[in-house]
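S.K.:
Number of protein chains: 2
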Amino acid sequence: MKKPLILVTNDDGIVAPGIRALVEVAATLGEVVVVAPDSPQSGQGHAVTLREPLRLKRVSVFEGIESWECSGTPVDCVKLAKHVILKDRPVALCVSGINHGSNASINIIYSGTLSAAMEASLEGIKSIGFSLLDFAFDADFEAGKPWIRKIMAYMLDNPQHIGNLLNVNIPAIPASEIKGLRICHQANARWVEEFVEGRDPSGQPYYWLAGKFVNDDTRNDADINALEAGYISIVPSMHDLTHYNALPEFKALEKS
Amino acid sequence: MKKPLILVTNDDGIVAPGIRALVEVAATLGEVVVVAPDSPQSGQGHAVTLREPLRLKRVSVFEGIESWECSGTPVDCVKLAKHVILKDRPVALCVSGINHGSNASINIIYSGTLSAAMEASLEGIKSIGFSLLDFAFDADFEAGKPWIRKIMAYMLDNPQHIGNLLNVNIPAIPASEIKGLRICHQANARWVEEFVEGRDPSGQPYYWLAGKFVNDDTRNDADINALEAGYISIVPSMHDLTHYNALPEFKALEKS
Chain X
1 MKKPLILVTN DDGIVAPGIR ALVEVAATLG EVVVVAPDSP QSGQGHAVTL REPLRLKRVS
61 VFEGIESWEC SGTPVDCVKL AKHVILKDRP VALCVSGINH GSNASINIIY SGTLSAAMEA
121 SLEGIKSIGF SLLDFAFDAD FEAGKPWIRK IMAYMLDNPQ HIGNLLNVNI PAIPASEIKG
181 LRICHQANAR WVEEFVEGRD PSGQPYYWLA GKFVNDDTRN DADINALEAG YISIVPSMHD
241 LTHYNALPEF KALEKS
Chain W
257 MKKPLILVTN DDGIVAPGIR ALVEVAATLG EVVVVAPDSP QSGQGHAVTL REPLRLKRVS
317 VFEGIESWEC SGTPVDCVKL AKHVILKDRP VALCVSGINH GSNASINIIY SGTLSAAMEA
377 SLEGIKSIGF SLLDFAFDAD FEAGKPWIRK IMAYMLDNPQ HIGNLLNVNI PAIPASEIKG
437 LRICHQANAR WVEEFVEGRD PSGQPYYWLA GKFVNDDTRN DADINALEAG YISIVPSMHD
497 LTHYNALPEF KALEKS
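So the sequence lines, in the order shown, correspond to chains X and W.
Counting along the first sequence from 1, when you hit position 178 you're at 178 in my numbering, and nothing is skipped either side.
Counting along the second sequence from 1, when you hit position 121 you're at 377 in my numbering, and nothing is skipped either side.
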């Protein structure tokens, strides 16, 4: 039987340990093609490159696996993978990550990792963004691997759902402490921003984004709370940003 | 009575005619502060600048109006406006645009204009992204102005709604042909991508994103269809991407 084609991408760049861990898992389930950024692209959200051309280079990064690096954003990688590299080859699954750091809650909208997965889902491809709650370059991705494989296998084995995009976050705890998978909603949490202000060597002022994350959402099935309880959180996600509950109250505007 | 403080930003850059039109309208309703990118930032989505510092410069672009240009993305502009420039001054409304070109339907996730508005809404600030369906630099923003003023006044005059973010698109037609405002949902439409392939002067290949937009959504209250019928579309929007309808079908994963 022909193995399913799995597209792998990320936002930390093609040499990040997180994508290597994901490629290793994906290769046990299908034929893998990697198309990933040639440099770190964290925080790129759903950015696309419109004002300049993109570069694409076949590289040897993963043994025996077709790999390409791209000069653009994670979303650019998925577009190029689909329309230039893979063309008519049907993609069974797109996986993005494993991100170094959390993409739980509102981080989904800032995250290149999840935006790449969302772009694939817009193309009708089932897709999953994976993130480990550890920013370190040498983060330990081993504990999450069996769970990642289980989620990928579930998506490959089941027919297209009404939801075809999952945001998966993995707590940075030993394998023995992971309690299981929990289907969650996006926690209602937020960044409390601050900027580090300084002067560059020529005396000019600069501002550098910092900030801390605050979670006011106390529900058990909010992703952040599931993670803190030792579960791997899975948030079925979508790209329709319409606030349907708010439609009626704005109807008055039509008559104003 | 103290005039409400209105923050104006965009993604086409501080010298774009669209933001000038928006500033002119906003100045009739409140005290305006402009914080906008120093260069075009179309397609930046919800990108934030994490890996380098940001620059902020007080500029004289709009007569009698406090104006700042920023080296970052539209979302960076809103963060800097709130946390560095305005600090404790309460912002009554944030308006972003007027974008040169449509941000209807799925364009909301690629759009720097709308991402800036969404960032303000995340901070609890009522916000509106405005776009005109004309990409031209010398697009005519006059016909939309009375309607923009009406929508801004409505948001200023009414208490916080459960929805505090509007995606407003304006058809590029003469004032006499605009039929009114219509509350809509995001049309289920998509980009059919293609890449222009070429060779640079040194003979290296490049890929440049192109594509056309396809709308399969036939509902009257889909934003694209309202626009085609001559209405200004208003989509109340939100940042919770959870696919609530898909939660039950993924519950099986928890037991797998």
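Virtual Cβ for every residue (Gly too), placed ideally from N, Cα, C.
(1) Give the DSSP-derived three-state secondary structure of W:V271 in the structure shown.
(2) Could you run through the region 194–213 of chain X and flag, in chain order, every residue whose CB is less than 8 Å away from some CB of chain W?
(3) In chain order, which continuous runs of the beta strand (DSSP E) of length 3 or greater are located wholly inside the region 373–455 of chain W?
(4) Cβ of X:D223 within 8 Å of Cβ of X:A187?
(5) Nearest to X:N158 by CA position, among X:I173, X:S202, X:S127, is which residue?
(6) Mind pulling the chain X residues with CB within less than 8 Å of W:S489?
(7) In terms of residues, what are the limits of the alpha helix (DSSP H) holding W:E484?
(8) I want to see whether chain X comes within less than 8 Å of W:K507, judged by CB atoms only; does it?
(9) Between the beta-carbon of W:A282 and the beta-carbon of W:V264, is there less than 8 Å?
(10) Mind pulling the chain X residues with CB within less than 8 Å of W:V304?
(11) Quick one: list the residues of chain W neighbouring X:P24, beta-carbon separation under 7 Å, in chain order.
(12) Output needed in chain order: residues of the region 419–430 of chain W with a Cβ under 9 Å from some Cβ in chain X.
(13) Determine the closest residue to X:A92 out of X:F62, X:I125, X:F195, X:K82, with distance taken between C-alpha atoms.
(14) Are there 16 or more other CB atoms within 10 angstroms of the CB of X:S60, so buried, or fewer, so exposed?
(15) Pair every Cβ in the region 480–498 of chain W with every Cβ in the region 420–436 of chain W, then say whether three or more of these pairs are closer than 8 Å.
(16) Going by DSSP, name the residue or residues bridged to W:L503.
(17) Could you tell me the boundaries of the alpha helix (DSSP H) in which W:L263 lies?
(18) In whole angstroms, what is the alpha-carbon distance linking W:S323 and W:V291?
(19) If you follow the beta strand (DSSP E) that X:N99 is part of, which residue opens it and which one closes it?
(20) Roughly how far, in whole angstroms, is the beta-carbon of W:A272 from the beta-carbon of W:H356, given that I think they are within contact range, below 8 Å?
(21) Taking contact to mean 3 or more Cβ pairs, one atom from each stretch, closer than 8 Å, check whether the region 110–117 of chain X and the region 38–56 of chain X are in contact.
(22) Who are the neighbours of W:K406 on chain X, taking C-beta pairs under 9 Å?
(23) Enumerate in chain order the residues of its own chain whose CB-to-CB distance from X:P90 is below 7 Å, with the five nearest sequence positions on each side excluded.
(24) Can the beta-carbon of W:H339 be found closer than 8 Å to that of X:I106?
(25) Under 8 Å between C-beta atoms, does X:N215 make it to chain W?
(26) Between X:H100 and chain W, is there a C-beta pair that is closer than 8 Å?
(27) Roughly how many whole angstroms lie between the Cα atoms of X:P53 and W:D396?
(28) DSSP three-state call for X:K79: helix, strand or coil?
(29) Compute the distance between the beta-carbons of X:F62 and W:L336, then report whether it is under 8 Å.
(30) Do you know whose CA, among W:F391, W:I429, W:L378, W:D344, lies nearest W:G353's CA?
(31) If we call anything under 8 Å between Cβ atoms a contact, is X:M152 one with X:L29?
(32) Do W:I490 and W:I434 have their CB atoms nearer than 8 Å?
(33) Spell out whether any CB of chain W is found under 8 Å from the CB atom of X:N245.
(34) I'd like to know whether the C-beta of W:G436 is nearer than 8 Å to at least one C-beta of chain X.
M.R.: Inspection of the coordinates gives the following:
(1) Three-state result, W:V271: coil.
(2) Residues E194, F195, E197, G198, D200, Q204, P205, Y206, Y207, W208, L209.
(3) Entirely contained in the region 373–455 of chain W, the beta strand (DSSP E) runs reaching 3 residues are, in chain order, 383–388, 421–426, 436–439, 445–455.
(4) Taking 8 Å as the Cβ cut-off, X:D223 and X:A187 qualify as a contacting pair.
(5) Distance check between X:N158 and each of X:I173, X:S202, X:S127 places X:S127 closest, using alpha-carbon atoms only.
(6) Near W:S489 there are no residues of chain X at all, since even the closest Cβ is about 11 Å away, more than 8 Å.
(7) Counting along the chain, the alpha helix (DSSP H) containing W:E484 begins and ends at 479–484.
(8) So, interface residue.
(9) Cβ atoms of W:A282 and W:V264: closer than 8 Å.
(10) By Cβ distance, chain X contributes G43, G45, Y110, L209.
(11) It should be pointed out that residue 24 of chain X corresponds to Glu in this sequence rather than to Pro. Here the premise fails: no neighbours, minimum Cβ distance about 21 Å.
(12) Against chain X - using a Cβ distance shorter than 9 Å - the residues of the region 419–430 of chain W are G419, N420, L421, L422, N423.
(13) Taking only the C-alpha atoms, the option nearest X:A92 is X:I125.
(14) When all chains shown are included, X:S60 counts as exposed.
(15) They touch, by the three-pair rule.
(16) None, per the DSSP bridge assignment.
(17) Annotation for W:L263: no alpha helix (DSSP H) segment contains it, though the beta strand (DSSP E) segment containing it runs 261–265.
(18) Counting only the Cα atoms, W:V291 lies some 6 Å from W:S323.
(19) Per DSSP, X:N99 belongs to the beta strand (DSSP E) from 93–100.
(20) Rounded to whole angstroms, the Cβ separation of W:A272 and W:H356 is 6 Å, and the two are in contact under 8 Å.
(21) Verdict: yes, contact present.
(22) Chain order gives the chain X residues near W:K406 as L253, S256, where near means a beta carbon separation below 9 Å.
(23) Excluding residues within five positions, the ones whose Cβ falls inside 7 Å are L5.
(24) Not in contact: W:H339 and X:I106 (Cβ atoms no closer than 8 Å).
(25) Taking Cβ atoms only, chain W never reaches closer than 8 Å to X:N215, which makes this a no.
(26) Not an interface residue.
(27) Per the coordinates, the alpha-carbon of X:P53 lies some 29 Å from the alpha-carbon of W:D396.
(28) In the structure shown, the three-state DSSP call for X:K79 is helix.
(29) Not a contact, by the Cβ cut-off of 8 Å.
(30) Among W:F391, W:I429, W:L378, W:D344, the Cα nearest to that of W:G353 is on W:F391.
(31) For X:M152 and X:L29, yes; Cβs fall inside 8 Å.
(32) Judged by beta-carbon spacing, W:I434 lies beyond the 8 Å limit of W:I490, meaning their Cβ atoms are not closer than that value.
(33) Closer than 8 Å to some Cβ of chain W, the Cβ of X:N245 qualifies, so yes.
(34) Put simply, the CB of W:G436 is near chain X, with a gap under 8 Å to one of its CB atoms.
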